[in-house]
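K.L.:
For the sequence shown, position 179 matches number 171 in our numbering, and the numbering has no gaps at all.
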Amino acid sequence: MKLLGISMDCLTKSGNPITITPPLLFRFQYIDQDKGWEKIGQSFTNMQYIKDWDSNTNKYVVGFLNEEFYKTKRDRDIIKTDIVNYDIKINHFEEFIKNLSASINKSNTEDTFDKDDNNRYSNNKELNQSLVNKMDSIEKEILELVEKLSKIKNKRYEKTLELNFIKENVKELEADHTFAIHEDPNLKCPFCGSVHENSLENRIEIVKDIQTGSELVALFRSEIKELDSKIHKLSTRKKQLT
């Protein structure tokens, strides 16, 4: 995939990250000897371990969704899985606390506590409540981190799209300038026959546009780098909590 310069990241049905293999992306060029044209693109029957492999690769192959989308979607799905697993842990912990509290309450109604027993009960009750409060606090912080990560990653995705758009414009301007400096003072359009002035002033304006575009590229790269730093810090904090 690196040699081809492409990468489509997905998750398996068990939740593990995986990169789609080249045969899946070129499956529309493969004609099954038995199924023929009727089932073109559907001949890879051993891909069921990849979640929604057919619809996802369809959208990637036709260019409807790009690599950055699938990377973001993969990260989002991993976060969702982490939340589900964390909820399961919380439910188990709450069930444990519930059973422990019920046991203590039952002992309290059936037995006569002496002073030491009462102190132990009070300490246990306070400890249980402290643990519950701490778990609630951790859960809220994780949800806040997930929301922040989602917003920052969406913002990074938008910045990346804008950066790529500006870079392409700069390339076109550079090509226009290279063309202009080797041509006559007047340029005739081969399609409509219109004559356009190729003056020094016009070429200078192109150079100014190139400089402005280059400054914007540097600015967007700096902003994306800052967003990456925030994503790293939030992800690190989330791992510490889970």
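All C-beta atoms in this analysis are idealised placements derived from N, C-alpha and C, irrespective of residue type, glycine included.
The model shown is predicted, which means the values in this text are computed figures rather than measured ones.
Put Thr228 into one of helix, strand or coil per three-state DSSP.
P.N.:
If DSSP states are grouped into helix, strand and coil, Thr228 belongs with the helices.
K.L.:
Between the Cα of Lys231 and the Cα atoms of Lys90, Ile75 and Lys63, which residue gives the shortest distance?
P.N.:
The candidate whose alpha carbon is nearest that of Lys231 is Ile75.
K.L.:
Spatial neighbours of Ser206 within its chain, please: CB distance less than 8 angstroms, with the 5 preceding and 5 following residues excluded, ordered by chain position.
P.N.:
If we look at Ser206 and ignore the five residues flanking it on each side, its Cβ neighbours are Val162.
K.L.:
Please identify the residue among Ser214, Glu136, Leu92 and Lys145 whose C-alpha is closest to the C-alpha of Tyr62.
P.N.:
Per the Cα distances, Lys145.
K.L.:
Checking the sheet assignment: what are the DSSP bridge partners for Val235?
P.N.:
With the chain covering -7 to 234 only, the question about residue 235 has no answer from this structure.
K.L.:
Flag this pair as yes or no: are the beta carbons of Asn216 and Leu153 separated by less than 8 angstroms?
P.N.:
The residue you asked about is not Asn; residue 216 is Ile in the sequence shown. No, Cβ-Cβ distance for Ile216 and Leu153 is not below 8 angstroms.
K.L.:
Could you have a look at Glu175 and say whether DSSP puts it in helix, strand or coil?
P.N.:
The answer is coil: DSSP assigns Glu175 none of H, G, I, E or B.
K.L.:
Short check: CB of Ile158 to CB of Tyr78, under 8 angstroms?
P.N.:
Cβ atoms of Ile158 and Tyr78: not closer than 8 angstroms.
K.L.:
On a CA-only basis, which of Pro9, Ala94, Leu92 and Phe88 is nearest Thr64? Give me that one, please.
P.N.:
Per the Cα distances, Pro9.
K.L.:
Please return the same chain residues whose Cβ sits closer than 8 angstroms to the Cβ of Leu137, not counting the five positions on each side in sequence.
P.N.:
Closer than 8 angstroms at Cβ, skipping near neighbours: Leu226, Arg229, Lys230 and Leu233.
K.L.:
Are at least three pairs of beta-carbons, each pair with one atom in the stretch 84 to 92 and one in the stretch 121 to 130, less than 8 angstroms apart?
P.N.:
The answer is yes - the stretch 121 to 130 touches the stretch 84 to 92, with three or more Cβ pairs under 8 angstroms.
K.L.:
Which one of Glu197, Cys184 and Ile202 has the shortest CA to CA distance from Glu166?
P.N.:
Answer by Cα proximity: Ile202.
K.L.:
What's the C-alpha gap between Arg66 and Thr11?
P.N.:
Cα to Cα, the separation comes out at about 10 angstroms.
K.L.:
Please report the straight-line C-alpha distance between Glu175 and Cys184, rounded to a whole angstrom.
P.N.:
Going from the Cα of Glu175 to the Cα of Cys184 covers about 18 angstroms.
K.L.:
By alpha-carbon positions, which one of Val187, Pro182, Glu193 and Glu139 ends up nearest to Lys72?
P.N.:
It is Glu139 whose Cα lies nearest to the Cα of Lys72.
K.L.:
Would Pro182 and Ser191 qualify as a contact pair, given that the criterion is a beta-carbon distance under 8 angstroms?
P.N.:
No; because the gap between Cβ atoms is not below 8 angstroms, this pair is not in contact.
K.L.:
DSSP on Ser221, reduced to helix/strand/coil?
P.N.:
Residue state, collapsed to three classes: helix.
K.L.:
Taking its Cβ as the centre, do 16 or more other Cβ atoms sit within 10 Å of Leu141, making it buried, or is it exposed?
P.N.:
Flag for Leu141 reads buried.
K.L.:
Relative to the C-alpha of Thr4, which residue among Asn58, Asp69 and Glu60 is closest?
P.N.:
Comparing Cα-Cα distances from Thr4 to each of Asn58, Asp69 and Glu60, the minimum goes to Asp69.
K.L.:
Here's a check: name, in chain order, each residue in its chain whose Cβ is nearer than 6 angstroms to the Cβ of Leu179, leaving out the five neighbours to either side.
P.N.:
Closer than 6 angstroms at Cβ, skipping near neighbours: His188 and Asn190.
K.L.:
Can you round the beta-carbon distance between Arg195 and Ala172 to whole angstroms, since I take them to be within the 8 angstroms contact cut?
P.N.:
Their Cβ separation, rounded to whole angstroms, is 5 angstroms, which keeps Arg195 and Ala172 in contact under 8 angstroms.
K.L.:
Once the 5 residues before and after Asn120 are set aside, which same chain residues still bring their CB inside 7 angstroms of it?
P.N.:
Contacts found: Ile89, Leu92 and Ser93.
K.L.:
If you drop the 5 nearest sequence neighbours on each side, which residues of the same chain put their C-beta closer than 8 angstroms to that of Arg213?
P.N.:
Leu155, listed in sequence order.
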